[in-house]
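Numbering (this note's numbering), first residue to last: 10 to 214.
Ideal Cβ placement from N, Cα and C applies to all residues, glycine included.
These notes concern the structure reproduced below.
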């Protein structure tokens, strides 16, 4: 971020940097306030890719899907990189355009994504398939070598949970219970309600 801001006059770079730092600190707890900081930074340095990226992510967390998509597209053009493609695809879903989310996922196959973003994109693409009523295709979209109950990657709990959730939507309840339990075992930080979902789906005596 500092490297990109060096192209600005020193005083302006410091102001923009402070607002971006504030946006980063607030984005989880107070996303609307984070977005205000990111928008201000954008008014001062709209031609800096990292500023547009920060504005896009802040807008996403604040639920401003169209704004997030616009900003992340701009950042992607400036950086010529993958550009948070999973977040962009999720914005398309939120805007009621699941087919565009799937298209983005297809295009991303030619990109070199980090493993965690590639998994996140699969989860979003599966959700888009589900939005379109393609429940079996949603299940297939999540399958891969990392869908292994013995794996403990940083994203394993989220992947297992998404797989279980889509199995449940497809009416494959027994398999869904199994994968919710796998998700619960992989979820060391208790970030999901996987155990509760498994209990709710299990036959009660």
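Item to check | Coil, strand or helix - residue 57 by DSSP | outcome: Mapped onto the chain shown, residue 57 falls at position 48. Looking at residue 57 - three-state DSSP - the assignment turns out to be coil, as it is neither helix nor strand.
Next on the checklist: By alpha-carbon positions, which one of 98, 128, 188 and 71 ends up nearest to residue 82?
Outcome noted: As a position in the chain shown, residue 82 is number 73, starting the count at 1. The shortest C-alpha separation from residue 82 is found at 98.
Next on the checklist: On the criterion of 16 or more Cβ atoms from any shown chain inside 10 Å, does residue 175 qualify as buried, or is it exposed?
Outcome noted: Against the chain shown, residue 175 aligns to sequence position 166. So residue 175 ends up on the buried side.
Checklist entry - How would you label residue 58, buried or exposed, when you count the other beta carbons within 10 angstroms and need 16 or more for buried? => result Taking the first residue of the chain shown as 1, we reach residue 58 at position 49. Flag for residue 58 reads buried.
Item to check | Distance CB(residue 80)-CB(residue 64) smaller than 8 Å | outcome: Taking the first residue of the chain shown as position 1, residue 80 is located at position 71. Taking the first residue of the chain shown as position 1, residue 64 is located at position 55. Taking 8 Å as the Cβ cut-off, residue 80 and residue 64 qualify as a contacting pair.
Checklist entry - How far does the alpha helix (DSSP H) with residue 164 in it reach, from first residue to last? => result Position 155 of the chain shown, counting from 1, holds the residue named residue 164. Where residue 164 is concerned, there is no enclosing alpha helix (DSSP H), given that its DSSP letter is neither H nor E.
Item to check | Simplified DSSP state of residue 73, which is helix, strand or coil | outcome: Residue numbering aside, residue 73 sits at position 64 when the chain shown is read from its first letter. Three-state result, residue 73: coil.
Checklist entry - If you count every other CB in all the chains shown that lies within 10 Å of the CB of residue 73, and 16 or more means buried, which is it? => result Residue 73 sits at position 64 when you count from the first residue of the chain shown. So residue 73 counts as buried.
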